[in-house]
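Here is the structure we will look at.
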Amino acid sequence: MGFTSFEGLLNGMAGRGAGRSVATWVLASALSLVGATGCGVQELSAEEQELYIQEQAIREDNGLSLNGLSLNGLSLNGLSLNGLSLNGLSTTAFANWFNGNPAGHDQLMRYMVRCAVPAGQTRSFVSQPSGTLYTWQGGLGLAPSWANGAPATVAEQQVISACLAAHANNYGLHVPISVLGRDANGANIPYSADEMVTFSRKESCFFGNVFTNEGLFAGNDRNALNAEESTSRPCGLRGYGELTNEECTQLKRIGQCEQHCSLDANGAYYTQCTVNGVQYKPITTRMRSQDIHRCGDGVCQQGESCGWGTTADSCRSDCGSCSR
118 MGFTSFEGLL NGMAGRGAGR SVATWVLASA LSLVGATGCG VQELSAEEQE LYIQEQAIRE
178 DNGLSLNGLS LNGLSLNGLS LNGLSLNGLS TTAFANWFNG NPAGHDQLMR YMVRCAVPAG
238 QTRSFVSQPS GTLYTWQGGL GLAPSWANGA PATVAEQQVI SACLAAHANN YGLHVPISVL
298 GRDANGANIP YSADEMVTFS RKESCFFGNV FTNEGLFAGN DRNALNAEES TSRPCGLRGY
358 GELTNEECTQ LKRIGQCEQH CSLDANGAYY TQCTVNGVQY KPITTRMRSQ DIHRCGDGVC
418 QQGESCGWGT TADSCRSDCG SCSR
């Protein structure tokens with residue numbers, strides 16, 4: 118049924134990911150740009166360095182991003198809406214919220230800052246009494262006022278909520294996506310013709326408001342997965358008529374985006390979505406065609422299941438027959 122609040126979701130950090138727990142969240146420690154303690158800066162492992170390089174490369178293109186945020190670990194309870202400025206991150210209220218779950222809230226702040234703050238800017242916080250320095254990189258700049266320290270407007274709450282939902286991946290996997298839409302002030306997220314060609318598969322629309330406990334919503338963008346298809350983004354593209362998904366229960370499915378949303382003049386992304394009489398600012402996503410998995414390609418991928426059939430949820434050729 119979707120969710121109406123992030124409250125209590127911190128208790129749900131049991132992972133379904135292939136070889137990686139959901140508790141590792143997005144990019145786990147892999148994108149820890151600074152892990153300073155009293156003993157100096159923490160070195161990155163080879164895997165962490167590779168993921169960091171991937172993210173830096175993909176961030177060179179506006180709107181492109183690595184997703185992987187686990188909704189199973191999100192909690193905004195206690196997070197002030199008074200701004201993401203230095204002053205806003207130095208308050209006792211923010212410290213109390215962050216220190217309640219440093220690992221989980223570090224991951225949430227990475228995506229929050231990436232969505233809200235422009236590229237080239239960072240936000241930092243020193244956790245006491247450990248003295249650990251956390252630094253988060255800006256990216257899309259969707260909430261200009263909030264990023265500069267003002268209270269978040271309703272439009273900013275909505276677009277940040279949509280951006281967090283668009284980056285959700287309860288498998289904890291890192292799948293490149295194209296992020297399209299408008300910021301809270303109505304400015305377009307820049308995109309190129311090459312981006313549209315590379316990310317050729319329309320995926321989903323995401324919208325809602327988690328700051329006010331209105332929940333998050335997602336739908337298919339003018340297409341759906343065939344029976345033999347699956348993806349490693351369980352909160353994104355689904356099959357026709359598939360309105361529930363046990364691997365992403367925190368988002369309520371709305372069916373097809375065009376039933377609830379309006380497209381921009383070029384037909385590239387949705388500008389407004391309405392559910393229950395409330396209008397929201399959405400984010401629209403696209404995927405690469407190679408990130409759509411197919412039963413019969415010889416590889417059992419996340420999103421496919423064993424069985425006796427030829428569909429993604431029962432794919433004998435890729436995942437076996439489930440016999441012990």
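Per my numbering, residue 118 is the first one in the sequence shown, and the count goes up by one each step.
Glycine included, each C-beta is placed from N, C-alpha and C at the ideal position.
Just so it is clear, the structure is predicted and the values come from calculations on it, not from any experiment.
| Item | Value |
| --- | --- |
| With 16 other Cβ atoms within 10 Å as the buried cut-off, status of E177 | Any answer about E177 is weak, because its pLDDT of 36 lies below 50 and its placement is not dependable; what the coordinates show is given next. By the 10 Å Cβ count, E177 comes out exposed. |
| Three-state class that DSSP yields for Y251 in the structure shown | strand |
| Alpha-carbon to alpha-carbon, D381 and Q367 | 27 Å |
| Rounded separation between S309 and N287 - CA only | 29 Å |
| Check whether A301 and T270 have beta carbons under 8 Å apart | yes |
| Proximity below 8 Å, CB of G420 to CB of T361 | no |
| C-alpha gap between N343 and P307, whole angstroms | 30 Å |
| Limits of the beta strand (DSSP E) - the one that I277 falls within | Unbroken run through I277 is the alpha helix (DSSP H), 271-283; no beta strand (DSSP E). |
| Closest by C-alpha distance to I294, when choosing among V327, G266, S434, Q407 | Q407 |
| Endpoints, beta strand (DSSP E) assigned at N216 | Run containing N216: none in the beta strand (DSSP E); it sits in the alpha helix (DSSP H), 209-216. |
| Under the three-state DSSP convention, the category E346 falls into | strand |
| Own chain, CB closer than 8 Å to R433, minus 5 neighbours either side, in chain order | C423, G424, W425, G426, T427 |
| Short Cβ contact (8 Å threshold) for K398 with V230 | no |
| Selected residue, minimal CA-CA separation from G413, among I400, M404, S431, R405 | S431 |
| DSSP three-state assignment for H410, whether helix, strand or coil | strand |
| S321 to Q376 span [Cα, whole Å] | 13 Å |
| Other residues of its chain near C232: CB distance less than 6 Å, five sequence neighbours each side excluded | L257, L259, I277, C280 |
| D223, buried or exposed, once every other Cβ within 10 Å from all chains shown has been counted against 16 | buried |
| Whole-angstrom distance between E364 and G394, CA atom to CA atom | 27 Å |
| Same chain, Cβ closer than 6 Å to G356, neighbours up to 5 away in sequence not counted | A341, L342 |
| Nearest-angstrom Cα separation, counted from V292 out to W253 | 20 Å |
| DSSP three-state assignment for C378, whether helix, strand or coil | strand |
| Y387: first and last residue of the uninterrupted beta strand (DSSP E) it sits in | 387-392 |
| 8 Å Cβ cutoff met for K319 and R370 | no |
| Candidates C439, G353, T315, of which the one nearest L333 by Cα | G353 |
| Where Y228 falls: helix, strand or coil (DSSP) | helix |
| CA-to-CA distance, S207 to C439, given in whole angstroms | 52 Å |
| Close-in-space but distant-in-sequence residues of the same chain around Y228 (CB under 7 Å, 5 per side omitted) | V143, L186, L281, H284 |
| Backbone secondary structure at S434 - three-state DSSP | helix |
| Option in R240, T239, S244, G237 with minimal Cα separation from N218 | S244 |
| Boundaries (first-last residue) of the alpha helix (DSSP H) holding A264 | 261-264 |
| Per DSSP, the bridge partner or partners of F334 | F324, K369 |
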